[in-house]
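S.K.: In numbering that gives the first Met the number 0, the protein residues as written are 0 to 372.
For each residue, glycine too, the CB sits at the ideal point set by N, CA and C.
Bear in mind that the values here come from a model prediction, so they are computed numbers and not experimental data.
Can you read through this structure? Questions will come right after.
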Amino acid sequence: MASSVHIVGGGVIGLSCAWELSRNGHDVTVVAPAPGRDGASWVAAGMLAPVTEAQFGESTLTAILLEGSRLWPGFAAALEGVTGQSIGYDTTGTVTVALDASDRASLDDLLAYQHSLGLTAHRRSATECRGLVPALSPALRGGIEVPGDHQVDNRALLLALVAACGKAGVRFLEAAVTEVAAGPELVLADGRRLHPEHVLLAAGTGLAAIRGLEVTGLPAVRPVKGHILRLGPPGAGHGEPTPLLDRTVRGLVHGRSVYLVPRHDGSVVVGATVEERGDDSAVRTGAVHDLLCDARAIVPGVDELELREAATGMRPATPDNTPCIGWTALEGVAAALGHYRNGILLSPLTAAAVVDLLGRRPVAPLIQALAPA
Ligand SMILES: Cc1cc2nc3c(=O)[nH]c(=O)nc-3n(C[C@H](O)[C@H](O)[C@H](O)COP(=O)(O)OP(=O)(O)OC[C@H]3O[C@@H](n4cnc5c(N)ncnc54)[C@H](O)[C@@H]3O)c2cc1C
């Protein structure tokens with residue numbers, strides 16, 4: 000059953016839902032100040048990592064991440080096919096390495112946990128790791144190879160989603176929503192009032208500033224800050240750069256996590272801190288220093304790259320760190336929020352679930368468990 004839907008939010012969740020809803024016959028408008036150009040989605044690393052993101056005690060979330068990962072090949076092919084734009088989807092795999100003996104012990108615990116969940120991950124010696132990634136430091140204590148953890152260029156993904164939405168007839172209203180009311184009704188910052196049949200709230204951490212949500216039954220969404228760096232090969236005059244890495248490298252460096260995600264253009268994304276600091280988005284020198292130190296400890300060639308960008312982003316997190324997807328207690332208003340560390344990975348799964356929801360079809364049991372109620 001097709002309807003008119005206004006989506007509040009133009010990050011990866013709002014845009015992927017907009018595209019899929021539109022492809023399924025809905026009349027879709029995205030309401031956001033800068034669709035495809037802001038939010039956590041713009042700064043993210045783009046890892047599609049159900050295995051290396053598996054955390055102790057979060058096996059339900061891991062099952063959701065695995066399901067999300069399963070949809071990526073079809074989603075990427077459809078998006079690239081319809082737009083003719085590359086999104087840098089790369090399935091080469093991931094290696095996680097340990098710097099010292101204690102890091103090795105932690106990785107072995109993690110590997111045992113990954114195996115207890117039936118995940119595919121292989122213990123590798125330092126020599127084997129360097130066989131997979133020649134740029135690794137000789138000083139490492141080995142690691143884990145995870146062939147099923149992949150990546151996408153999140154910025155190329157957002158640009159392609161905006162293009163695909165445009166081709167599918169999605170309208171964009173570059174404005175901020177200040178209030179949601181019964182009807183449903185959306186109130187914009189300039190005072191305009193909109194009355195679509197359905198509203199989908201996908202505003203990430205921006206949710207907190209929208210009035211009228213007390214009656215929705217939605218959980219609070221808190222910002223979890225992440226510092227992230229973008230490095231690139233030195234500029235003109237240095238010849239054609241040889242890419243430093245051909246796959247994602249994650250590392251434990253004296254107990255601290257770091258990752259390096261290579262892009263097809265030779266640049267490398269280095270991340271990320273995980274900080275509970277409320278709304279503070281300042282880029283701090285200490286965090287930049289720590290990320291660079293940890294990255295060069297496992298991949299010394301980082302020293303030769305240019306620092307192109309140091310940024311922070313706010314991961315939208317619910318109290319239990321799992322996403323919230325479903326109808327709210329306010330008639331006609333649905334939500335797709337709180338994707339925390341894995342919103343890029345979960346965008347195709349979320350979009351498919353939202354198509355079922357708005358089509359009034361039953362959603363998969365895994366998704367039912369994420370309903371606001
Ligand atoms: C440093 C960092 C690294 C990350 N790395 C990864 C990774 O490797 N893999 C992965 O899967 N995930 C990663 N994530 C997480 C991922 O970025 C998020 O889960 C995801 O981007 C959330 O998408 P979203 O669309 O819900 O929110 P956002 O991308 O934050 O988008 C929110 C949108 O809502 C709009 N908005 C806000 N308020 C309003 C309002 N009042 N009215 C209208 N519009 C509004 C904003 O302008 C924006 O367009 C990372 C996050 C960070 C910060």
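1) Please name the residue in Ser-115, Leu-118, Ala-120, Ala-138 whose C-alpha comes closest to that of Val-126.
2) Nearest-angstrom Cα distance between Ala-174 and Ala-75?
3) What residue range is occupied by the uninterrupted alpha helix (DSSP H) comprising Ser-21?
4) Ordered along the chain, which non-local residues of its own chain (more than five positions away) have a Cβ less than 8 Å from that of Asp-289?
5) Would you tell me roughly how many angstroms separate the C-alpha atoms of Thr-327 and Lys-166, rounded to the nearest one?
6) Three or more C-beta pairs closer than 8 Å, one from the region 150-164 and one from the region 118-132: is that the case here?
7) Ligand 1 heavy atoms versus the CB of Asn-341: any closer than 7 Å?
8) Exposed or buried, which one is Gln-367 when buried takes at least 16 other CB atoms within 10 Å?
9) Could you tell me whether any non-hydrogen atom of ligand 1 is closer than 7 Å to the CB of Gly-45?
10) I need the straight-line Cα distance from Leu-206 to Leu-65, nearest angstrom please.
11) Per DSSP, what are the beta-bridge partners of Gln-150 in this structure?
12) If you pair each beta-carbon of the region 277-295 with each one of the region 221-234, do three or more pairs fall below 8 Å?
13) Does the distance between the C-beta of Thr-91 and the nearest non-hydrogen atom of ligand 1 fall short of 7 Å?
14) Compare the Cα-Cα distances from Ala-31 to each of Gly-234, Gly-337, Ser-280, Ile-209 and report the closest residue.
15) For ligand 1, any of its heavy atoms closer than 7 Å to the Cβ of His-338?
16) At a cut of 8 Å, does the region 107-121 reach the region 215-225 through at least three beta carbon pairs?
17) Per DSSP, what kind of secondary structure is Thr-284 in: helix, strand or coil?
18) DSSP state of Val-250, grouped into three classes?
19) Should Ala-33 go down as buried or exposed, given a rule of 16 or more other Cβ atoms within 10 Å for buried?
20) Assuming the contact rule is C-beta atoms closer than 8 Å, Pro-322 and Ser-136 should be a hit. Round their C-beta distance to whole Å, please.
21) Quick one, which of Arg-246, Ile-343, Ala-352, Ala-363 has its alpha-carbon nearest Ala-155's?
22) Ligand 1 and Asp-189: does any heavy atom of the ligand fall closer than 7 Å to the residue's C-beta?
23) Name the two residues that bound the continuous beta strand (DSSP E) containing Gly-231.
24) Alpha carbon to alpha carbon, how far is Gly-265 from Leu-243?
25) Using beta-carbon positions only, say whether Ala-350 and Glu-19 come within less than 8 Å of one another.
26) Along the beta strand (DSSP E) that carries Ala-350, what are the first and last residues, could you check?
27) Is the CB-CB distance between Leu-251 and Asp-26 below 8 Å?
28) Mapping the DSSP letters down to three states, classify Leu-187 as helix, strand or coil.
29) Cβ of Val-257 within 7 Å of any heavy atom in ligand 1?
30) Taking 8 Å as the threshold (C-beta atoms), are Pro-261 and Trp-71 in contact?
31) Can you grab the Cα-Cα spacing for the pair Arg-201 / Val-81, in whole Å?
M.R.: On the basis of the coordinates in this document:
1) As written in the sequence, residue 126 is Thr, which differs from the Val given in the question. The shortest C-alpha separation from Thr-126 is found at Ala-138.
2) When rounded, the distance between both Cα atoms is 29 Å.
3) 11-22
4) Arg-255, Thr-272
5) Here the C-alpha atom of Thr-327 lies approximately 30 Å from the C-alpha atom of Lys-166.
6) no
7) yes
8) Looking at its Cβ environment, which holds fewer than 16 other Cβ atoms inside 10 Å, Gln-367 is exposed.
9) yes
10) Their Cα atoms are separated by approximately 27 Å.
11) Met-46, Asp-89
12) yes
13) no
14) Ile-209
15) yes
16) no
17) helix
18) Here residue 250 turns out to be Gly, not Val, going by the sequence shown. Here Gly-250 sits in strand by DSSP.
19) exposed
20) Incorrect: roughly 36 Å between the Cβ atoms, too far for contact.
21) Ile-343
22) no
23) Note, Gly-231: beta strand (DSSP E), 221-231.
24) 7 Å
25) A contact, by the Cβ cut-off of 8 Å.
26) Element bounds for Ala-350: not the beta strand (DSSP E) but the alpha helix (DSSP H), 346-357.
27) No, the Cβ-Cβ distance between Leu-251 and Asp-26 is not below 8 Å.
28) strand
29) no
30) Not in contact: Trp-71 and Pro-261 (Cβ atoms no closer than 8 Å).
31) Position check: residue 201 holds Ala in this sequence, whereas Arg was assumed. Going from the Cα of Ala-201 to the Cα of Val-81 covers about 24 Å.
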